[in-house]
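Chemist:
There are 4 protein chains.
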Amino acid sequence: MDVIIKGGTIVTASDQYVADIGVEGEQITRIGQSLRANGARVVDATGMYVIPGAIDAHTHLDMPFGGTVTSDDFETGQIAAACGGTTTHVDYCLQSVGGTLHEALATWRGKAQGKAVIDYGFHLAVTDLNANVMAELPAMVNEGITSFKCFMAYKGVFQIDDATLFQLLEQARELGALVNVHAENGDVVDLLTKRLISEGMTAPRYHAASRPLEVEAEATHRAVALAELARAPLNVVHMTCEASVRHVNEARARGLLDIHGETCPQYLLLNVDQYDEPDFQGAKYVMSPPLRDRKENAFLWRQLAAGNLETLMTDHCSFRMSDQKSLGKDNFAKIPNGIPGIETRVPIVFSEGVGKGRISLQTMVAAMSTNPARMYGMFPKKGCIAVGSDADIVLIDPKRRVVLSASTLHQHTDYCPYEGLEVEGYPVVTISRGEVIYENDQFVGSKGRGKYIKRGQYQAP
Amino acid sequence: MDVIIKGGTIVTASDQYVADIGVEGEQITRIGQSLRANGARVVDATGMYVIPGAIDAHTHLDMPFGGTVTSDDFETGQIAAACGGTTTHVDYCLQSVGGTLHEALATWRGKAQGKAVIDYGFHLAVTDLNANVMAELPAMVNEGITSFKCFMAYKGVFQIDDATLFQLLEQARELGALVNVHAENGDVVDLLTKRLISEGMTAPRYHAASRPLEVEAEATHRAVALAELARAPLNVVHMTCEASVRHVNEARARGLLDIHGETCPQYLLLNVDQYDEPDFQGAKYVMSPPLRDRKENAFLWRQLAAGNLETLMTDHCSFRMSDQKSLGKDNFAKIPNGIPGIETRVPIVFSEGVGKGRISLQTMVAAMSTNPARMYGMFPKKGCIAVGSDADIVLIDPKRRVVLSASTLHQHTDYCPYEGLEVEGYPVVTISRGEVIYENDQFVGSKGRGKYIKRGQYQAP
Amino acid sequence: MDVIIKGGTIVTASDQYVADIGVEGEQITRIGQSLRANGARVVDATGMYVIPGAIDAHTHLDMPFGGTVTSDDFETGQIAAACGGTTTHVDYCLQSVGGTLHEALATWRGKAQGKAVIDYGFHLAVTDLNANVMAELPAMVNEGITSFKCFMAYKGVFQIDDATLFQLLEQARELGALVNVHAENGDVVDLLTKRLISEGMTAPRYHAASRPLEVEAEATHRAVALAELARAPLNVVHMTCEASVRHVNEARARGLLDIHGETCPQYLLLNVDQYDEPDFQGAKYVMSPPLRDRKENAFLWRQLAAGNLETLMTDHCSFRMSDQKSLGKDNFAKIPNGIPGIETRVPIVFSEGVGKGRISLQTMVAAMSTNPARMYGMFPKKGCIAVGSDADIVLIDPKRRVVLSASTLHQHTDYCPYEGLEVEGYPVVTISRGEVIYENDQFVGSKGRGKYIKRGQYQAP
Amino acid sequence: MDVIIKGGTIVTASDQYVADIGVEGEQITRIGQSLRANGARVVDATGMYVIPGAIDAHTHLDMPFGGTVTSDDFETGQIAAACGGTTTHVDYCLQSVGGTLHEALATWRGKAQGKAVIDYGFHLAVTDLNANVMAELPAMVNEGITSFKCFMAYKGVFQIDDATLFQLLEQARELGALVNVHAENGDVVDLLTKRLISEGMTAPRYHAASRPLEVEAEATHRAVALAELARAPLNVVHMTCEASVRHVNEARARGLLDIHGETCPQYLLLNVDQYDEPDFQGAKYVMSPPLRDRKENAFLWRQLAAGNLETLMTDHCSFRMSDQKSLGKDNFAKIPNGIPGIETRVPIVFSEGVGKGRISLQTMVAAMSTNPARMYGMFPKKGCIAVGSDADIVLIDPKRRVVLSASTLHQHTDYCPYEGLEVEGYPVVTISRGEVIYENDQFVGSKGRGKYIKRGQYQAP
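Taken in order, these protein sequences are the chains called A, B, C and D.
In terms of our numbering, the first sequence opens at residue 576 and continues consecutively.
In terms of our numbering, the second sequence opens at residue 576 and continues consecutively.
In terms of our numbering, the third sequence opens at residue 576 and continues consecutively.
In terms of our numbering, the fourth sequence opens at residue 576 and continues consecutively.
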């Protein structure tokens, strides 16, 4: 035995019990009472929750967008992830319009190469689906890219038409892959945006007005309808409101158990009033879809508790206020869309969700580890604490209080959307494939140690 | 008094009673017991139902489509209408891509000029909405064109994008007009059609496969969502199935009483098995949306009875089997889409609907006269039997039995989709603005007598 | 011609037009332009709306309840009705526990005898359904009693069990009659009431707490379910909230077009805060079901506009504050349940509903005249303005402003729940079977002139 | 280590992996790769699924009913359970009308005493809730009775009124207990039954006619409504159809995550046609609620897969055809209600559910072990495979084929409702608290070894 995690309360997506975990090499090999050390490194987990490392399958590291590039690359972003209890990462690789998928994948693998500190994979966002690109899809799946993405918004940039979405859904079904969709009606967003700007409504608050929840709800319904017709699995990412989620729920009630919904901490905690913060501070929260009314926070927590929203990811897409968000000083449409969050997810969800009785520990583990591991083809290597699985393990100290602040977080940006929020409970040790990479508030792993994960087929959670 | 209609049972959208109707000039001036003739022409209505003449607000006369032209023009089509109990007509005028609305309207007014035998107006189908066309809309409304149309299908021909639909809805709201929408997801239809043809599935039955009900339901939801966001009235035409109608019903349940649905006799009586008729006879029923499963017939009758589908129009769009439908002999996608029905609607709805207890006489009058008169800005001049209204009146003999047949109908085509159906109850006299134009099975009016109706604003029914 | 109503705007449940109405004897015999007087009395209706007299089919006149008797009898109550634009009245006759239906009917006919000033009929509230009572039902229908009632609340007084309700529904279906139901779960109300009283919560405001909307919603669902199983028509009276109405709407959406809902002006205008009025004034509003949150007002208006709530009655059940409501000074459960309203319904609905754009004139006429006439077997004798119908006609002056006050109303009680409300539009002339019985703010008819109406079978509106 | 279960595939409600399990005394102490035997008994699990022993929390052993007593007592019933993969048992203890809860519990504990072979507890079915009985409830909870039951059917026998149900729900909430409800409208069932019998419709098939699904749906809605009002947890047992389940689903969609539904194998596999089996064989399937249409089978499987029906119990209530079911030879209402199934549940659900792809192994474990362990206060002692839990473990051989037959099953009755059904996959070893009690097709435990479980509070699954 190389490492023994001793005396913690192990939490899985269904169970909870006190035991020691024994790790040999990169894997868990034993779970039991009073495991003997015999020279192994002992990590004391007394009083801690021991959970499977979280998976973040919705991020945009080192991504060009709106004339700039997201401020976290695979090094800074993954270090932040590790320090926040995340051990597996799936980033969105973007096809260039006119470009091939192979090119896109090569570019993104290059971004991670030599920098990654935790294990990672890629989704492939398809922006231009011609016959040649269609022909590339099986090769992508062979490379372990078993999830694709479509944007129904960002007209003239990433936005695809319904024919593309439908064909991609059909192909994904045939290949055992999953389609993720950004659901907003880009035509209407584009119209409303231009109108607002032309009428001089340029402040960050008008970002929300340009993307009312009806455009999200409409696109969600459309994506679900096309997936139903294509008999394909679908995951609607970053869902923000009841009007949208009900379409996923209705599909599931009809027996379509491969239709899924994802949400993010920002939609659980923040709300549309944030855009009114003075001095352009509202720009911090400019992301798409935008923040909604306060009542949606409560709704989303309940849906998470009910298992209707099966994954809880970050949509980490960080920009600096100083020189990036500020590009839209005079025009909200030029504010780069996105918010940091790769590091704060686990503590926020633990403190605000589990700690406040909104969700159970089991639901937290399911939404951040087990469900995404299944859906993205990494289970049971990732996503659970079980004999034979990778020893990707996080210790949460439920009593540790931390005041969140950009000044102490590892995310490479100059603000934290939750600045000043005190959380109770925080990840204190992160283990990746048997190696302690975060402890004593320090990242202690090495740059480049993260491995590419060749993912398997989509599996319903 | 010029004409007295004597002893019939007058039916309105809410009431029913026996009385005489007195007409002076073109209008109803008196309703009472034992009106004295004093030299007026007396039309004996004993034992008859006396209803407001039906309005057909969904037709395509003299319309170019798929390399041919619909086989009924304003003369033959309107004579057939009159012989079938219809006294008011609103046809779809189509903007050419690249053309102006004024040009389109001038063209269509020319088609009616000198031919019309009943009163008529036009909707304007917008296919290409640029800034210039937007600027034409108020003028169109001033001309009495208070309803527009968008096609969400027919990719590359009439199909508009969501931005166009949304803008048109907003403009219509401002102008007091109504947007009619053909709701099918044209992107998916186009894909499925090309695939079926490429796989050799070219027979008429594959027309139905190329337009599954999910594409109608999706587009209906989308149109309703955009209308809700635009706070605009909307009418979804030719609805065929529960999956679609529920979106209209849900909107109304949310209090959106300006969201409406229309259906047609073909969706109430015919079903998808018709496409399997041998020897290319299935082509008779090739229309869009296509016929559905039998269970939808019953559903639609119930919705009509419940007042959820507020109008019942024909979508009359006639082609000959001999030289027009046959264009698609080897390719269902080349079969001109459409079905005749302008003449058979009233007898079919009376016999199959009222006669079989599915709907009341009041519902029949509401769906074919009063509701469209309100929605299309012609009430109370048209659409009711009331003092001061145009004397557009039809007598139905509830005992008259007729076997429907192309050989005896006045529609200018070589087939009848209901060939051989015996109806019980038939219009026996049609009066337009006080003039008897149909009696003794003969059209007795004169060509060119029909007048253009400058329609007023949309009004909820 | 005996009477001519000249120059008014006639409003029916579907139409609206300017014309004169000619009356001979008790009936309308002519509707037309410029009817000649020839010695007839001419009622000038210029600038007025001329509507079919309203029907009030939910009242409790001269009814023993809680140790007292409602303060309006058939004389005072019907005079108030006439002065408020109501020309037809159906009262609830109550079976005594242990008594026969014949006895009950004889008692109630006696109450009206010699006092009635407008035409009237009775529903029969069944409180004790044994085999003998079952055997009486056909005779009741022959007497023109084609509607029954069950109370699901008032445990130990009127409350019936589900077996009774189910059997009554089955019998009503066989006999062409309609069952009205007071839907509240009486078991739970009884428990909550006793608990509140025992805990010292005796003020009027606790009346609302003793009957939460869930008990109404539950009982509504149950009544609808039993009616569906019995395949019988059902009318849920005095509906107050979305939680209940949705069960009626869902039934109708399933095609059960004989399931109906009624509401009353108090649920459209008043709300639960009224119970907090100081000095026991909250007792004025103690009725069952109780007033709800403000948001339900808006919901109910929308449902009325949509035609989902088909009738709008008063549930007039008047008690004096001075010596009747005061019985419950120390115990809300002893406050006689009920509110006056037979006189104020038409002006309130016209002013707050039509005047404020919430419903159309057609909807108002449908909900107060045409629909109840059909459902309660009196159409087309009552409920419409049509040749051959009884000349029950009301003129509304849309410009007349009146401040509602118990001091000027004819209702025989010492308060008005809408005291001080100014309405715009008021009935100024009431005609019953051709006789003007109210004009110049005076009742001018004669006591005892009202006739018993032998009602026919239930008909769907 | 006393026992090692070697090389099997361990399945939990969320995970699945290959490992050995080590047992010391009565508990699991180790899970790992290549555990060393060191003298422990080794149970070879190669190629087997190793699951937490199933929990059967819905049975009626040794229960008086309709003049007879169920044919399985705690000895035969629990032996059958053990041979079928069930290791924990919660039986329904019934209060006598007029009797106390203490008496009832003493009686039922006596039935188990000296006979039980697996661990067990009791629910308490309350049939007569007066003040004294209310006062007993806390004591019952202290005894480990943390679940109660109400029957809404069986009029004049077990049926309670709504006041009783509501009070019990409130008390249960206060005490941390769960109310189980048999949801059928007993008033209507009683009426329909008497009518059918009086009309000579006495054959078993009329049992189904006497309890249409509407009576189940109505009562389900009512129970849910009362639980919502009481803010109490509720479990609706033996659900059979969509009409009922939708009420549970709608409650959960409103955020009421303590509203639960249970179903049973008979409702997943059998259907109403079974009642038509000749020669009174239909009596085998006489149970309440009755079997439904085939389409409900598919619906229920989907709901199970979706996690909407959280538990899958047997409602084992066995009677012999020879001398018990035959009591109703001439009157279906005298056929004792019930069906055997305690032994066949695990193999049937594995073969028909998991084997045919309808549900996952995880869902099977959740529905039969983990969820009931939580809801009935036994988690994590029971219901999971985890270090520290009782070693209640079952090995399923997925390849073993067995033809189900009364002649080979251990259930003490003369028929099997699934006679002749071949299942693929069967429990081959059952371990209870570390002791192998079933292997080689034999029960090898000892009578009386089963222990009473003092259960803790209700916990949401």
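A virtual CB, placed ideally from N, CA and C, is assigned to each residue, including glycine.
Fully enclosed by the segment 830 to 913 of chain A, which alpha helix (DSSP H) runs are 4 residues long or longer?
Modeler: Qualifying alpha helix (DSSP H) stretches, in chain order: 840 to 844 and 869 to 880.
Chemist: Mind listing which residues of the segment 730 to 759 of chain C have their C-beta closer than 8 Å to chain D's C-betas, in chain order?
Modeler: Within the segment 730 to 759 of chain C, the residues whose Cβ lies closer than 8 Å to some Cβ of chain D are D736, D737, A738, F741 and Q742, listed in chain order.
Chemist: Using a C-beta to C-beta distance shorter than 8 Å, which residues of chain B count as neighbours of A:V763?
Modeler: Walking along the first sequence from the start, residue 763 of chain A turns up at place 188. Here the neighbours are D737, A738, F741, L801 and L804.
Chemist: What residues in the segment 653 to 679 of chain A bring their beta carbon closer than 7 Å to a beta carbon of chain B?
Modeler: Listed by position, the residues of the segment 653 to 679 of chain A near chain B (Cβ gap below 7 Å) amount to none.
Chemist: Is B:H782 close to chain A, meaning its C-beta is less than 7 Å from at least one C-beta of that chain?
Modeler: In the second sequence, the residue the question calls residue 782 of chain B occupies position 207. Chain A, which has no Cβ nearer than 7 Å to the Cβ of B:H782, makes this no.
Chemist: With 7 Å as the limit, tell me which residues of the segment 856 to 869 of chain A have their beta carbon closer than that to any beta carbon of chain B; keep them in chain order.
Modeler: Cβ contacts with chain B: none found.
Chemist: Less than 7 Å between C-beta atoms, sequence neighbours within five positions excluded: which residues of the same chain meet that for A:Q734?
Modeler: For the purposes of this step, residue 734 of chain A is identified with residue 159 of the first sequence, where counting begins at 1. Hits under 7 Å: F726, M727, A728 and G761.
Chemist: In terms of residue numbering, what span does the alpha helix (DSSP H) encompassing D:F741 cover?
Modeler: Here the question's residue 741 of chain D lines up with position 166 in the fourth sequence. Per DSSP, D:F741 belongs to the alpha helix (DSSP H) from D737 to L750.
Chemist: Could you name the residues of chain D that C:A706 contacts, counting a contact when the two beta carbons are closer than 8 Å?
Modeler: Working through the third sequence from its first residue, we reach residue 706 of chain C at position 131. The contacting residues do not exist; C:A706 stays about 13 Å from chain D at best.
Chemist: Could you check how far apart the C-beta atoms of C:Y695 and C:D666 are, in whole angstroms? I think they sit under 8 Å.
Modeler: The sequence position of residue 695 of chain C within the third sequence is 120, counting from 1. The sequence position of residue 666 of chain C within the third sequence is 91, counting from 1. Right, the Cβ-Cβ distance comes to about 7 Å (below 8 Å), so this counts as a contact.
Chemist: For a quick check, are the C-beta atoms of C:Q1032 and C:G751 less than 7 Å apart?
Modeler: Indexing the third sequence from 1 puts residue 1032 of chain C at position 457. Indexing the third sequence from 1 puts residue 751 of chain C at position 176. Yes, they are a contact pair.
Chemist: Looking at C-alpha atoms only, which residue of B:Y1001, B:V969 and B:D989 is the closest neighbour of B:V1011?
Modeler: As a position in the second sequence, residue 1011 of chain B is number 436, starting the count at 1. Closest option to B:V1011, Cα to Cα, is B:V969.
Chemist: Would you call the CB atoms of C:V551 and C:P922 closer than 7 Å?
Modeler: For residue 551 of chain C there is no data in the structure shown, the boundaries of chain C being 576 and 1036.
Chemist: Looking at chain D, is there any beta carbon in it that lies within less than 7 Å of the beta carbon of C:R975?
Modeler: By 1-based counting over the third sequence, the position of residue 975 of chain C is 400. Not an interface residue.
Chemist: Beta strand (DSSP E) containing C:C668: first to last residue?
Modeler: Position 93 of the third sequence, counting from 1, holds the residue named residue 668 of chain C. Looking at the DSSP string, the run of the beta strand (DSSP E) that includes C:C668 is T661 to L669.
Chemist: Where C:Q591 and B:Y850 are concerned, what is the direct C-alpha to C-alpha distance, given to the nearest angstrom?
Modeler: Residue numbering aside, residue 591 of chain C sits at position 16 when the third sequence is read from its first letter. Residue numbering aside, residue 850 of chain B sits at position 275 when the second sequence is read from its first letter. If I take the Cα positions, the gap works out to 45 Å.
Chemist: CB-CB under 6 Å to D:I626, same chain, minus the five flanking residues each way: which ones, in chain order?
Modeler: By 1-based counting over the fourth sequence, the position of residue 626 of chain D is 51. The answer, listed in chain order, is V586, V940 and V969.
Chemist: Taking beta-carbon pairs under 9 Å, can you tell me which members of the segment 578 to 598 of chain B lie near chain C?
Modeler: Result list: I585, T587, A588, S589, D590, Q591, Y592, V593, A594, D595 and G597.
Chemist: Give the interface partners of A:P787 over in chain B, defined as CB-CB distance under 9 Å, in chain order.
Modeler: For the purposes of this step, residue 787 of chain A is taken as the residue at position 212 of the first sequence. The answer, in chain order, is L804.
Chemist: Tell me, please, whether the CB atom of A:E774 is closer than 7 Å to any CB atom in chain B?
Modeler: Position 199 of the first sequence, counting from 1, holds the residue named residue 774 of chain A. No, no contact with chain B.
Chemist: With distances taken between CB atoms, is the gap from D:T777 to D:F907 smaller than 7 Å?
Modeler: Taking the first residue of the fourth sequence as 1, we reach residue 777 of chain D at position 202. Taking the first residue of the fourth sequence as 1, we reach residue 907 of chain D at position 332. Cβ atoms of D:T777 and D:F907: closer than 7 Å.
Chemist: Comparing C-alpha positions only, which one of B:A818, B:L879, B:L801 and B:M896 sits nearest to C:R827?
Modeler: Reading the third sequence from its first residue, position 252 is the one you call residue 827 of chain C. When only C-alpha atoms are compared, the closest one is B:L879.
Chemist: Look up D:E918 in the DSSP assignment and say whether it is helix, strand or coil.
Modeler: Locating residue 918 of chain D in the fourth sequence gives position 343, counting from the first residue. Looking at D:E918 - three-state DSSP - the assignment turns out to be coil, as it is neither helix nor strand.
Chemist: Compare the beta carbon distance of A:T1005 and A:A657 with 7 Å and say whether it is the shorter of the two.
Modeler: Reading the first sequence from its first residue, position 430 is the one you call residue 1005 of chain A. Reading the first sequence from its first residue, position 82 is the one you call residue 657 of chain A. A contact, by the Cβ cut-off of 7 Å.
Chemist: Could you give the DSSP three-state label for A:A632: helix, strand or coil?
Modeler: As a position in the first sequence, residue 632 of chain A is number 57, starting the count at 1. If DSSP states are grouped into helix, strand and coil, A:A632 belongs with the strands.
Chemist: So, is A:Q742 buried or exposed, given that buried needs 16 or more other C-beta atoms within 10 angstroms?
Modeler: Translated into the one-based positions of the first sequence, residue 742 of chain A becomes position 167. The residue is buried, with at least 16 neighbouring Cβ atoms inside 10 Å.
Chemist: Can a CB atom of chain C be found closer than 7 Å to the CB of D:L809?
Modeler: To locate residue 809 of chain D, count along the fourth sequence from 1; it is residue 234. Not an interface residue.
Chemist: Determine the extent of the beta strand (DSSP E) in which B:P779 is found, giving its start and end residues.
Modeler: Against the second sequence, residue 779 of chain B aligns to sequence position 204. Taken as a continuous stretch (DSSP letters only), B:P779 belongs to no beta strand (DSSP E), as it is neither H nor E.
Chemist: Distance, Cα to Cα, A:S926 vs A:G932?
Modeler: Position 351 of the first sequence holds residue 926 of chain A. Position 357 of the first sequence holds residue 932 of chain A. Roughly 9 Å separates the two Cα atoms.
Chemist: If you compare alpha carbons, which of A:L680, A:Q670, A:V790 and A:S964 is closest to A:T1037?
Modeler: Not covered by the structure: residue 1037 of chain A. The range shown for chain A is 576 to 1036.
Chemist: Who are the near neighbours of B:A594 in its chain, counting only those whose CB is closer than 7 Å to its CB and skipping five residues on each side?
Modeler: Within the second sequence, the letter at position 19 stands for residue 594 of chain B. Excluding sequence neighbours, B:A594 sits near I585, I606, G607 and Q608.
Chemist: Alpha carbon to alpha carbon, how far is B:S982 from B:V924? Give it in angstroms, no decimals.
Modeler: The residue labelled residue 924 of chain B in the question sits at position 349 within the second sequence. The residue labelled residue 982 of chain B in the question sits at position 407 within the second sequence. When rounded, the distance between both Cα atoms is 21 Å.
Chemist: Which full runs of the alpha helix (DSSP H) of 4+ residues lie inside the segment 988 to 1012 of chain D, going along the chain?
Modeler: Within the segment 988 to 1012 of chain D, no complete alpha helix (DSSP H) run reaches 4 residues.
Chemist: Closest to B:S935 by CA distance: which of B:G963, B:W876 and B:T889 is it?
Modeler: Counting from one through the second sequence, the residue named residue 935 of chain B turns up at place 360. For the residues B:G963, B:W876 and B:T889, the minimum Cα distance to B:S935 belongs to B:W876.
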